[in-house]
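The sequence shown: position 128 = 247 (my numbering), numbered continuously.
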Amino acid sequence: MIIGSGLIATAFLERAGELEGVCVFASGVANSMNKDEKEFLRESSMLKNSLNSLAPNDQFVYFSTCSVYDKMSIDTAYVQHKIKMESIVLQRPRSHVFRLPQLAGLSRNGNTLLNYINSSIERGELMRIWSKAERNIIDVSDVVSVVIHLLRASPQQNLLSNICNPTHVLVLDLVKKLEEIKGRKARLEVVDGGGAYVIPLGDTIEIYSKIGLNFQEGYISSVLKKYYSNRVL
C-alpha cells in the first residue's frame with residue numbers, strides 16, 4: 120500500500136510489485152517552511168490511522184528529514200513535527216523511518232529547491248543565493264532502491280536510517296549546472312553567507328555498494344539532466 124500522490128509516492132508506485140506487506144506513508148507536510156498547526160495535525164491523524172490499520176506482520180515506512188542535523192532548522196515547527204512523527208512510528212514493531220535530504224524527481228511542487236531554481240531560470244526571475252550555501256541532492260529513484268533493499272534485509276527490525284548523497288554541493292553550482300542544461304543564464308544576487316551540515320550515513324553507505332549505487336563525480340549533473348533537460352515550468 121502506498122499512501123500519497125506526490126514525488127515519493129509516485130516513485131514507489133513504479134515498483135509497487137516489490138512492496139507486498141509494506142505500507143509506504145508518503146502523504147504529509149511537504150513544505151519545510153510550513154508553520155500551519157492544522158496541517159501538522161492532519162498528518163499526525165492520518166499517520167496514526169494508517170498505523171492502526173496495519174496487520175501485525177506488515178512493515179511501515181515513514182519519511183522524515185535530514186534537517187534534524189541542521190542547527191539552523193532544528194527548532195522550526197516543521198522539523199519538530201517530523202521528530203514527533205518519528206517517535207510515533209518507531210513505537211510500532213516493523214516500522215521504519217528514513218530521513219531524506221533534497222530530492223530530485225518529477226514533481227510540480229514549486230517549494231523544492233531544484234524546481235525553484237529551474238522555474239526562476241525559465242522565467243528570468245531574480246534569485247538571492249548565499250555564496251557558501253550547500254545542499255544534499257539524491258535521485259528519488261535511488262531512495263526507492265535503497266529503501267526496498269533495507270526492507271528485505273531487515274524486515275524484523277525498526278530502522279532509523281539516513282539516505283543521502285555522501286557529498287554536498289554548492290547551491291551556486293546547482294544553478295550553474297541548470298544554466299548549462301537550460302541554455303539560459305540565471306539572474307542572481309549572491310550574498311555572503313551560508314554553509315552546510317553533516318549528515319551521518321552510518322551503515323547506509325554499505326548498502327550503496329551492495330546495490331551498485333555510485334555517487335561518482337558526475338552524479339549530480341546526470342540527475343539534473345535526467346529531470347530538467349526537456350522540462351519547462
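Beta carbons: idealized from backbone N, C-alpha and C, even for Gly. Just so we're clear, the structure is a prediction, and the values are computed from it rather than from any experiment.
Under the three-state reduction of DSSP, which class applies to residue i: helix, strand or coil?
i, result
"M165", "helix"
"Y316", "coil"
"V148", "coil"
"I193", "coil"
"F217", "strand"
"A223", "strand"
"C142", "strand"
"T184", "strand"
"L332", "coil"
"Q210", "coil"
"Q276", "coil"
"D177", "coil"
"D261", "helix"
"T231", "coil"
"G237", "According to the sequence provided, residue 237 is Asn. The question's Gly does not apply to it. Of the three classes helix, strand and coil, the one that applies to N237 here is helix, per DSSP."
"G337", "coil"
"N171", "helix"
Could you tell me if residue i is buried or exposed, where buried requires 16 or more neighbouring beta carbons within 10 angstroms of its beta carbon?
i, result
"S226", "buried"
"K304", "exposed"
"P220", "buried"
"N176", "exposed"
"A272", "exposed"
"I193", "exposed"
"Q178", "buried"
"A130", "buried"
"V317", "exposed"
"I324", "exposed"
"G224", "buried"
"R247", "exposed"
"S172", "exposed"
"S124", "exposed"
"D261", "buried"
"V371", "Since the first and last residues shown for the chain are 120 and 352, residue 371 lies out of range."
List the DSSP bridge partners of residue i.
i, result
"R247", "E308"
"L289", "E253"
"N281", "R218"
"I122", "F144"
Considering only the beta carbon of each residue, do residue i and residue j sit closer than 8 Å?
i, j, result
"L245", "E308", "yes"
"G312", "S250", "yes"
"V148", "I122", "no"
"I330", "R134", "no"
"V180", "F217", "yes"
"L343", "K296", "yes"
"L269", "V141", "no"
"Y327", "N237", "no"
"G314", "A252", "yes"
"P274", "R213", "yes"
"L332", "S264", "yes"
"S146", "A128", "yes"
"N228", "L126", "yes"
Measure from the C-beta of residue i to each C-beta in chain C and report whether the shortest distance is under 8 Å.
i, result
"M152", "No chain C appears in the structure shown, which is made up of a single protein chain."
Q. Is there contact here, the region 191-203 with the region 227-235, by at least three beta-carbon pairs under 8 Å?
A. Taking 8 Å as the limit for Cβ pairs, the verdict is that the region 227-235 does not touch the region 191-203.
Q.
Below 8 Å, how does it come out for the region 252-259 and the region 273-281: are there three or more Cβ pairs, yes or no?
A. In the pairwise beta carbon analysis, the region 252-259 is classified as not touching the region 273-281: fewer than three pairs are separated by under 8 Å.
Q: State whether the region 150-169 contacts the region 202-222, with contact taken as three or more CB pairs (one from each stretch) at a distance under 8 Å.
A: In short, these stretches touch, since the Cβ pair count reaches three.
Q.
Under 8 Å, with one C-beta from each stretch per pair, do the region 331-340 and the region 284-291 reach the 3-pair mark?
A. Between the region 331-340 and the region 284-291, the count of C-beta pairs closer than 8 Å reaches three or more; the two stretches touch.
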